[in-house]
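Peer 1: Residues in the sequence shown are numbered consecutively from 38, following the working numbering. Think of the CB as a built atom: it goes at the ideal place given N, C-alpha and C, for glycine as much as any other residue. Since the model is a prediction, treat every value here as computed from it, not as a measurement. Encoded as structure tokens, here's the structure I'll be asking about.
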Amino acid sequence: MHVNVAIIGMDRLGASFGLALKRYESTSKGQHTFTIIGNDPRAQPMKDANKMGAIDNFNRAVLKATANADLLIVNAPFGATEELYAQFGPDLKRGAVVLDTSLLKVPVFGYANEFFPKDAQGNPVAYVIGITPIVSAKALYSGDLEVEGARADLFDEAEVLITPDTRSPSEAIQLAEDIIGLVGGKPRFMDPAEHDGLIAATEILPSLLGTATFYMLAQSEGWKELRRMINPTMALAMQGLRTQRADDINGLLERNATNVARHLDALIGVLSQLREALSEGDEDTIEAFVSQALSEWDKWDVKRYSGQWEEGRAAIDSVAGPLGSLGGMLGMRRRRRDDEDDE
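So this is what it looks like as structure tokens:
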């Protein structure tokens, strides 16, 4: 079976989809073949993706890149999504399926309902399925989100969340599952509204904190010296300012304001307690805070790397040993293995 694929957005994620599909194609003995056309507003990422073999060709014109596509992977900044759907949506071929990686799914489904073609009865004849890849642990701490960081194994054994639109038929949902399997991922279904509530904590809030920290520093009296002392810790915290436009940041905050505010309130509560402890020199509270945070992180890190989230399976990380918790030992081995892979 041959599939015409268009990938909109040539960064690490978009190019990795192309590399993973091409990897599968090379090992499937012709069972499935793909012609992949890339699209991006910038010429260089498309050229780089083409050179590394992630796409077969590219075109900066959205309508030319998506013409005749059976499958579209839309990996665009959130602020550009509505305009993109208005451009390619009406011309989608009958039966086309769009896999959309936007951080917010509920608004995207509204765009699809507005712009995708419909039959005489008003039913859609092209469909959108929301997906959110939770990348492989091997790539979790890489700050390289551009096309140069693309890798064919980005999704290997990693969960990919599927958030179907209620108007999508079972065949479109099955296609999403199949594609996720072909690129090495493990599909997991989630309600779109629940997804948008949770993504506010794991994606939007951290980006907002980096933006707010930078804003605070830039307004401070010491900025002339501070600006010369920014190293990777701060640079990575605020990289959303480098990779997102104002429309993207505004849209994510405004279209998900209630969820962001809820998580922000919880964080402010923790920071207020920590500030009080610092002001009063309460070392016990500070040490307890750090100890608990490190303990919870270690448990999470073991599960994130192993992919075994069930409590019964993960109980191993709390077993004591001569060098501390077994989780800590696994963490040491894991870090060494990562270091070896980097060499």
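State buried or exposed for Val-165, treating a residue as buried only when at least 16 other CB atoms are found within 10 Å of its CB.
Peer 2: Locating residue 165 in the sequence shown gives position 128, counting from the first residue. Buried, since its Cβ has 16 or more Cβ neighbours within 10 Å.
Peer 1: Assess contact between the stretch 113 to 124 and the stretch 294 to 309, defined as three or more Cβ pairs (one per stretch) separated by less than 8 Å. Is contact present?
Peer 2: The answer is no - the stretch 294 to 309 does not touch the stretch 113 to 124, with fewer than three Cβ pairs under 8 Å.
Peer 1: Specify whether the stretch 173 to 185 and the stretch 133 to 153 touch according to this definition: at least 3 beta carbon pairs, one from each stretch, less than 8 Å apart.
Peer 2: No: the two stretches stay apart, fewer than three of their Cβ pairs being nearer than 8 Å.
Peer 1: When DSSP labels each residue in this structure, what does Asp-215 get in the three-state scheme?
Peer 2: As a first step, residue 215 must be located in the sequence shown, where it is residue number 178. In this structure, Asp-215 counts as helix in the three-state DSSP scheme.
Peer 1: If you measure between the beta carbons of Leu-129 and Ala-163, is that distance less than 7 Å?
Peer 2: Counted from its first residue, the sequence shown places residue 129 at position 92. Counted from its first residue, the sequence shown places residue 163 at position 126. Taking 7 Å as the Cβ cut-off, Leu-129 and Ala-163 qualify as a contacting pair.
Peer 1: If you drop the 5 nearest sequence neighbours on each side, which residues of the same chain put their C-beta closer than 6 Å to that of Ile-236?
Peer 2: Position 199 of the sequence shown, counted from the start, is the residue given in the question as residue 236. Cβ neighbours of Ile-236 beyond the five flanking positions: Leu-140.
Peer 1: Run through the stretch 94 to 127 for me and flag every whole beta strand (DSSP E) of 3 or more residues, listed as ranges in chain order.
Peer 2: Runs found: 108 to 111.
Peer 1: In its own chain, which residues sit with a C-beta less than 8 Å from the C-beta of Arg-131, not counting the 5 before and 5 after it?
Peer 2: Counted from its first residue, the sequence shown places residue 131 at position 94. So the list reads Pro-154, Val-162 and Ala-163, once near-sequence residues are dropped.
Peer 1: Could you tell me which of Glu-324, Ser-257, Leu-245 and Ala-230 sits nearest to Leu-273, measuring between CA atoms?
Peer 2: Against the sequence shown, residue 273 aligns to sequence position 236. For Leu-273, the nearest C-alpha among the options comes from Leu-245.
Peer 1: Check Lys-155 in the structure and name its three-state DSSP category.
Peer 2: Here residue 155 refers to the residue found at position 118 when the sequence shown is read from its first residue. Lys-155 falls in the strand class under three-state DSSP.
Peer 1: Quick check: the Cα distance between Asn-96 and Gln-81, rounded to an integer number of angstroms?
Peer 2: Position 59 of the sequence shown, counted from the first residue, corresponds to residue 96. Position 44 of the sequence shown, counted from the first residue, corresponds to residue 81. If I take the Cα positions, the gap works out to 12 Å.
Peer 1: According to DSSP, which residues form a beta bridge with Arg-341?
Peer 2: Counted from its first residue, the sequence shown places residue 341 at position 304. DSSP lists no partner for Arg-341.
Peer 1: Could you check if Asn-87 is buried or exposed, using at least 16 other CB atoms within 10 Å of its CB as the buried criterion?
Peer 2: For this step, residue 87 is matched to residue 50 along the sequence shown. Buried, since its Cβ has 16 or more Cβ neighbours within 10 Å.
Peer 1: Rounded to whole angstroms, what is the Cα-Cα separation between Ala-189 and Val-307?
Peer 2: On the sequence shown, residue 189 is found 152 positions in, with the first residue counted as 1. On the sequence shown, residue 307 is found 270 positions in, with the first residue counted as 1. For Ala-189 and Val-307, the distance between alpha carbons rounds to 39 Å.
Peer 1: Quick one: is Thr-250 near chain C, going by C-beta distance under 7 Å?
Peer 2: No chain C appears in the structure shown, which is made up of a single protein chain.
Peer 1: Does the contact criterion of 3 or more C-beta pairs under 8 Å hold for the stretch 50 to 70 versus the stretch 212 to 225?
Peer 2: Cβ pair count under 8 Å is three or more, so yes.
Peer 1: Where does Arg-265 fall in DSSP's three states?
Peer 2: Against the sequence shown, residue 265 aligns to sequence position 228. In this structure, Arg-265 counts as coil in the three-state DSSP scheme.
Peer 1: Alpha carbon to alpha carbon, what distance is there between Pro-229 and Val-356?
Peer 2: Locating residue 356 in the sequence shown gives position 319, counting from the first residue. Locating residue 229 in the sequence shown gives position 192, counting from the first residue. Because Val-356 carries a pLDDT of 33, less than 50, the predicted location of this residue cannot be relied on, and the following value inherits that uncertainty. Their Cα atoms are separated by approximately 37 Å.
Peer 1: Can you tell me the Cβ-Cβ gap for Thr-138 and Leu-50, rounded? I've got them flagged as a contact below 8 Å.
Peer 2: For the purposes of this step, residue 138 is taken as the residue at position 101 of the sequence shown. For the purposes of this step, residue 50 is taken as the residue at position 13 of the sequence shown. Thr-138 to Leu-50, Cβ: 6 Å. Contact.
Peer 1: Quick check: Ala-113 and Ile-44, are their CB atoms within less than 7 Å of each other?
Peer 2: As a working note, residue 113 is residue 76 in the sequence shown. As a working note, residue 44 is residue 7 in the sequence shown. No, these two residues do not count as a Cβ contact at 7 Å.
Peer 1: For Gln-281 and Tyr-252, I'd like the C-alpha separation in whole angstroms.
Peer 2: Here residue 281 corresponds to residue number 244 of the sequence shown, with the count starting at 1. Here residue 252 corresponds to residue number 215 of the sequence shown, with the count starting at 1. The alpha-carbon atoms of Gln-281 and Tyr-252 are separated by roughly 16 Å.
Peer 1: According to DSSP, simplified to helix, strand and coil, what is Glu-347?
Peer 2: Translated into positions along the sequence shown, residue 347 becomes position 310. Of the three classes helix, strand and coil, the one that applies to Glu-347 here is coil, per DSSP.
Peer 1: What does DSSP give as the partner residue(s) for Phe-71 in the beta ladder?
Peer 2: Indexing the sequence shown from 1 puts residue 71 at position 34. Beta-bridge pairing links Phe-71 to Val-40.
Peer 1: Expressed to the nearest angstrom, what Euclidean distance is found between the alpha-carbon atoms of Glu-194 and Ala-157?
Peer 2: Here residue 194 refers to the residue found at position 157 of the sequence shown. Here residue 157 refers to the residue found at position 120 of the sequence shown. When rounded, the distance between both Cα atoms is 42 Å.
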